[in-house]
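Right, one structure below, let's go through it.
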Amino acid sequence: MADIHIGKAPPNSAILPFYATGAIVFWLLCLLLLLSSGALTTFYFNPHLLALVHLAALGWGTMIIFGAAHQLLPVVCERDLFSPVMASLCWYTLTAGVALLSFSFWHFRAGWTMITGGALVVLSACAYFCNAVFTSRICSHYAVVRLFIVTSAAWLLFTVTVGLLLAVNLAFPFFDKNHLEILKLHAHAGLAGWFLQLITGISSKLVPMFLLGKSVKEKLLHYACILQNAGLLLFLLDGYFSGIHPFRALLYAIIAIAGIVCWLLYLYDAFRHRVRKSIDVQMKHTFVSFLLLGMALLLIPVMLFAENYRWTMLYGTFLLMGWITGIILGKTFKTLPFIVWNGHYKSLSGKVKVPLPKQLYSEPWVVWQFRLFIAAILLLAAGIILNETMIIRIAAVVWLAVASLYVLNVLKTLLHKTKIQ
Amino acid sequence: MMDIAFTDPHATEKMKAQEALYNVIDPELFVNVIDLGLIYDLDFGEEAAINVTMTLSTPHCPMGEAITNGVRNALELIFPDRKVTIYLTFDPPWSFEMLTEEGRTQLGV
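For the record, the sequence lines run as chains A and B. The numbering of the first sequence is the numbering used here, which starts it at 212 and goes up by one. The numbering of the second sequence is the numbering used here, which starts it at 1191 and goes up by one.
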């Protein structure tokens, strides 16, 4: 009987800045959406939309995911994080990089500011990749989750490197390919490589843990990993060398979608065999986010064969503001209160009566956040489909309400003072 | 679930320990460690020591350190003259069957 090592959480100073910054960027993103609602009714390669997309993907999605991933890596690998200093470096460079990039896109200043921003984001991805690889190198269990963490980190590095090259190309053209074609490859490497694979890996660990569910069908996760990577690799290679052809792109999408189905079947199996029957609002957020992912996937053939750019806009909206935002809005209150609680009460537990992690934030606010989130995404989708700026503006107001509730709840948790009852 | 036999020479200590551990709550599940069935054994055989054999609901529970700290703190509080050592094991792994009736009710199973 061995004294088994429990993965030690990294210091809160290496994790919490990601959550605080991500929350503020989300609020800023919703404000900018309100200020430039018209950007969603025109062709997608426009300055304001580029700024919004990079704020959403890097400043919001990647920022929060970095925080959660740095916290979860030691848990999955049963080892301390390789370097908390590198995690902090990751935050500094990502924050500065996102600020420079978004400013440059908003004012469309192609040049050294944009390139520096892109380079800082690449540096951040490098730091994260090293931490992911060196922490998981000694990981002896959960090979699939580890594989997803490492492959997603590699895809992130690839995506941001291509992004940097695109930024350079805008100022000093050197690509012999169409800039917009490369942009599509860059976007999909980020969506299907970084976000999809990281979320697949982390959720297949977290969802069963939160539901007290178990699945013995781990093979499904292996298939998910192979199919998601195969579909993406084929799309990127074919798209780069032969150009994006709708029929072939659809075939690659089907391969990747088969990988998504395997992942969701694994989660469903864990859900069916769960001990905890009650589903909290955070888990409902997760389920709705999966529905929105499904809606985005259904749009792929429409987007590939229809000429109208609004379907591309809707597809991106469902992925960034629906799927990724939905999962983050829920999972934040499944992780952050526990991280903060650990910092305050880990050593006091059992000695004195301490509050529970769920008492560190307001549950009613999360319920309202959930309701408003559904209203916001539906309104935004309606605005894009009808190409109606006014509806998009109303949707942006609702988004701002969602973001305000979220920021206040995150701040309430972060600013919690130790209370002994 | 941990059983305490009346013939056990340390039955009194074990019952006192169990009572204390009812106050140690899994912060995520909001159920105490006894009703969750996380405590496999409390060994008072060694003088000035308590050896606790326990598990976690999942092998990489992020709250694992808080739970084991809670168990140690609660036992040290009522047995200040004994050194508490925790042996974490996943053999057998925790399963739904280890919940007490009260634990099942609290989890809504």
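Virtual Cβ for every residue (Gly too), placed ideally from N, Cα, C. Given the structure is predicted, the values throughout are model-derived calculations rather than measurements.
Residue burial is scored here from C-beta neighbours: PHE421 (chain A) has at least 16 other C-beta atoms within 10 angstroms and is therefore classed as buried. Around the beta-carbon of SER489 (chain A), fewer than 16 other beta-carbon atoms lie within 10 Å, marking it exposed. Exclusion of the five residues before and after GLN282 (chain A) leaves ALA220, PRO221, ILE226, THR546, ILE550 as the residues of its chain whose Cβ lies within less than 8 Å of its Cβ. ILE1240 (chain B) and ILE1224 (chain B) have their alpha carbons spaced roughly 16 Å apart.
Burial is judged here by how many other beta carbons sit within 10 angstroms of a residue's own beta carbon; PRO384 (chain A) has fewer than 16 and is exposed.
Runs of the alpha helix (DSSP H) lying entirely within the region 273-350 of chain A and spanning at least 4 residues, in chain order: 274-288, 295-317, 323-347.
Around the C-beta of ASN389 (chain A), fewer than 16 other C-beta atoms lie within 10 Å, and the residue is accordingly described as exposed. The beta carbon of ASP387 (chain A) is closer than 8 Å to none in its chain, skipping five residues each way along the sequence.
Around the Cβ of VAL355 (chain A), a 10 Å sphere holds 16 or more other Cβ atoms; the residue is buried. Using beta-carbon distances, VAL355 (chain A) does not count as an interface residue toward chain B, since no partner is under 8 Å.
Scanning A:LEU246, A:GLY270, A:ILE276 for the CA closest to the CA of VAL236 (chain A) turns up A:GLY270. With a 10 Å radius around the Cβ and a threshold of 16 neighbouring Cβ atoms, GLU289 (chain A) comes out buried. Linking SER414 (chain A) to ALA279 (chain A) through their CA atoms gives a straight-line distance of about 11 Å. Straight through space, the alpha carbons of ILE605 (chain A) and LEU246 (chain A) are spaced by roughly 11 Å. Judged by DSSP secondary structure, VAL551 (chain A) falls within the alpha helix (DSSP H) whose first and last residues are 536-556.
Here TRP323 (chain A) is exposed: its Cβ has fewer than 16 other Cβ atoms, across all protein chains shown, within 10 Å. Listed in chain order, the positions of the region 1238-1253 of chain B with a beta carbon within less than 9 Å of a beta carbon of chain A are THR1243, LEU1246, SER1247, THR1248, PRO1249, HIS1250, CYS1251, PRO1252, MET1253.
With a threshold of 16 other beta carbon atoms within 10 Å, LYS542 (chain A) meets it and is buried.
Straight through space, the alpha carbons of LEU368 (chain A) and LEU508 (chain A) are spaced by roughly 24 Å.
At a cut-off of 8 Å between beta-carbon atoms, MET506 (chain A) makes no contact with chain B. HIS496 (chain A) and ILE360 (chain A) have their C-alpha atoms spaced approximately 23 Å apart. For the region 358-391 of chain A, the set of positions with a beta-carbon nearer than 7 Å to some beta-carbon of chain B is empty. Judged by DSSP in its simplified three-state form, LYS395 (chain A) adopts helix. GLU1291 (chain B) does not reach chain A, its nearest Cβ partner there being about 14 Å away, counting only Cβ pairs nearer than 7 Å. About 5 Å separates the beta carbons of LEU331 (chain A) and THR304 (chain A), which is inside the 8 Å limit, making them a contact pair. The beta carbon of TRP552 (chain A) sits closer than 7 Å to those of PRO568, LEU571, all from its chain and outside the five residues before and after it, given in chain order.
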